[in-house]
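Chains A and B are the protein sequences, given in the same order. If you number the first sequence the way our numbering does, the last residue is 159 and the count never jumps. If you number the second sequence the way our numbering does, the last residue is 302 and the count never jumps. One structure is given here, and the rest of the page talks about it.
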Amino acid sequence: EVQLVQSGAEVKKPGESLKISCKGSGYSFANYWIGWVRQMPGKGLEWMGIIYPGDSDTRYSPSFQGQVTISADKSISTAYLQWSSLKASDTAMYYCAKYSGTYSDYWGQGTLVTVSS
Amino acid sequence: QSALTQPASVSGSPGQSITISCTGTSSDVGGYNYVSWYQQYPGKAPKLMIYEVSNRPSGVSNRFSGSKSGNTASLTISGLQAEDEADYYCSSYTSSSRYVFGTGTKVTVL
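This is how it looks when you write it as structure tokens:
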């Protein structure tokens, strides 16, 4: 069974750093793109970027380029999304999703990130 | 990359059919047959409903169908049921080898 299990909710202060994770199982993690999606409170889905764990090829949405870093460790079947300096506007639910070709067939349960002073 | 345009809300009575549009450009929706649709209930992760314009994953009801004409893709829900009340998002591959979501549509079953 394919599963994507994300790390737990985080509460951080502005300016702090953060790295959240997405662990895949039940499939060949290195051979499928993993994407990250932001959903701010009460808002729609926003595509952030995507990584191919096999060679770490990464592509960012222009809206998120330079704001976050996407990485992956294929040896432990885990993808990451990280911030070096959080802002209150980063408060959102973040989902990871496995891509099968050009669509997301499996999604993680989401990680809620709250940034507040 | 601008979000694809969807109507904010669509409603229908049980048993009726509704259609949700998703309008992009020739650089995304119009340029590729790589449009997918996702259903999302409040507080839950999105679920794939349609991929590559008109293909249904195993387990998705055949009441859901997809199509595309030019720069606009559409999701049709026939025989509307109370359980279809949710948010729906389209997504498309783009010419910059990235993806973009639609603005989202809230479906209400009257």
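Yeah, the Cβ is synthetic: ideal placement off N, Cα and C, and Gly gets one too.
Does DSSP put residue i in a helix, a strand or coil?
{"i": "Glu275 of chain B", "result": "helix"}
{"i": "Lys236 of chain B", "result": "coil"}
{"i": "Gly152 of chain A", "result": "coil"}
{"i": "Gly294 of chain B", "result": "strand"}
{"i": "Lys168 of chain A", "result": "The shown model of chain A, from 43 to 159, leaves out residue 168 of chain A, and the question about it has no answer."}
{"i": "Val47 of chain A", "result": "strand"}
{"i": "Asn247 of chain B", "result": "strand"}
{"i": "Val252 of chain B", "result": "coil"}
{"i": "Ala195 of chain B", "result": "coil"}
{"i": "Gly222 of chain B", "result": "helix"}
{"i": "Asp97 of chain A", "result": "coil"}
{"i": "Ser266 of chain B", "result": "strand"}
{"i": "Ser142 of chain A", "result": "strand"}
{"i": "Ser67 of chain A", "result": "strand"}
{"i": "Ala72 of chain A", "result": "helix"}
{"i": "Ser59 of chain A", "result": "coil"}
{"i": "Ser159 of chain A", "result": "coil"}
{"i": "Ser131 of chain A", "result": "helix"}
{"i": "Gln208 of chain B", "result": "coil"}
{"i": "Gln109 of chain A", "result": "coil"}
{"i": "Ser288 of chain B", "result": "coil"}
{"i": "Thr217 of chain B", "result": "coil"}
{"i": "Ser261 of chain B", "result": "strand"}
{"i": "Lys54 of chain A", "result": "strand"}
{"i": "Leu123 of chain A", "result": "strand"}
{"i": "Ser283 of chain B", "result": "strand"}
{"i": "Gly77 of chain A", "result": "strand"}
{"i": "Leu302 of chain B", "result": "coil"}
{"i": "Met241 of chain B", "result": "strand"}
So residue i packs on residue j, CB below 8 Å; how close in whole Å?
{"i": "Ala237 of chain B", "j": "Trp149 of chain A", "result": "4 Å"}
{"i": "Tyr137 of chain A", "j": "Gln81 of chain A", "result": "7 Å"}
{"i": "Thr297 of chain B", "j": "Gln198 of chain B", "result": "5 Å"}
{"i": "Gly86 of chain A", "j": "Thr264 of chain B", "result": "So it is not a contact: roughly 18 Å between Cβ atoms."}
{"i": "Ala134 of chain A", "j": "Val155 of chain A", "result": "6 Å"}
{"i": "Thr84 of chain A", "j": "Thr153 of chain A", "result": "The question names Thr, but residue 84 of chain A is Gly in the sequence shown. Rounded, the Cβ-Cβ distance is 18 Å, inconsistent with contact."}
{"i": "Arg255 of chain B", "j": "Ser266 of chain B", "result": "About 14 Å separates the two Cβ atoms, so there is no contact after all."}
{"i": "Ser201 of chain B", "j": "Thr300 of chain B", "result": "7 Å"}
Could you check whether the Cβ of residue i sits closer than 8 Å to any Cβ belonging to chain C?
{"i": "Pro199 of chain B", "result": "Going by chain labels, chain C is absent from the structure shown, which instead holds the protein chains A and B."}
Please confirm if the stretch 209-220 of chain B is in contact with the stretch 234-245 of chain B, defined as three or more CB-CB distances below 8 Å between the two stretches. Flag = no, the stretch 209-220 of chain B and the stretch 234-245 of chain B do not touch.
Residues within the stretch 221-243 of chain B neighbouring chain A, beta-carbon criterion of under 7 Å: Listed by position, the residues of the stretch 221-243 of chain B near chain A (Cβ gap below 7 Å) are Tyr226, Ser228, Ala237, Pro238, Leu240, Tyr243.
Under 9 Å (Cβ pairs) to chain A, residues found in the stretch 264-295 of chain B: For the stretch 264-295 of chain B, residues whose beta-carbon sits nearer than 9 Å to a beta-carbon of chain A comprise Asp279, Tyr281, Ser283, Ser284, Tyr285, Ser288, Ser289, Arg290, Tyr291, Val292, Phe293, Gly294, Thr295.
Would you call the stretch 225-234 of chain B in contact with the stretch 119-127 of chain A, where contact means no fewer than 3 C-beta pairs closer than 8 Å? The count of Cβ pairs closer than 8 Å, one atom from the stretch 225-234 of chain B and one from the stretch 119-127 of chain A, stays below three, leaving the stretches out of contact.
Residues of the stretch 55-70 of chain A with Cβ closer than 9 Å to any Cβ of chain B, in chain order: Answer in chain order: no residues at all.
Against chain B, which members of the stretch 78-91 of chain A pass a CB distance test of less than 7 Å? So the close ones are Gly86, Leu87, Glu88, Trp89.
Would you call the stretch 67-78 of chain A in contact with the stretch 196-206 of chain B, where contact means no fewer than 3 C-beta pairs closer than 8 Å? With a cut-off of 8 Å, the stretch 196-206 of chain B and the stretch 67-78 of chain A do not count as touching, because too few Cβ pairs lie within range.
Below 9 Å between beta carbons is the criterion; list the residues of the stretch 199-216 of chain B that meet it against any residue of chain A, in chain order. Under the 9 Å Cβ criterion, the stretch 199-216 of chain B contributes no residue.
What residues in the stretch 94-113 of chain A bring their beta carbon closer than 7 Å to a beta carbon of chain B? Answer set for the stretch 94-113 of chain A: Arg101, Ser103, Pro104.
Members of the stretch 142-156 of chain A near chain B, C-beta cut-off 9 Å: Against chain B - using a Cβ distance shorter than 9 Å - the residues of the stretch 142-156 of chain A are Ser142, Gly143, Thr144, Tyr145, Ser146, Asp147, Tyr148, Trp149, Gly150, Gln151, Gly152.
Which residues, in order along the stretch 120-137 of chain A, keep a beta-carbon less than 8 Å from a beta-carbon of chain B? Cβ contacts with chain B: Tyr137.
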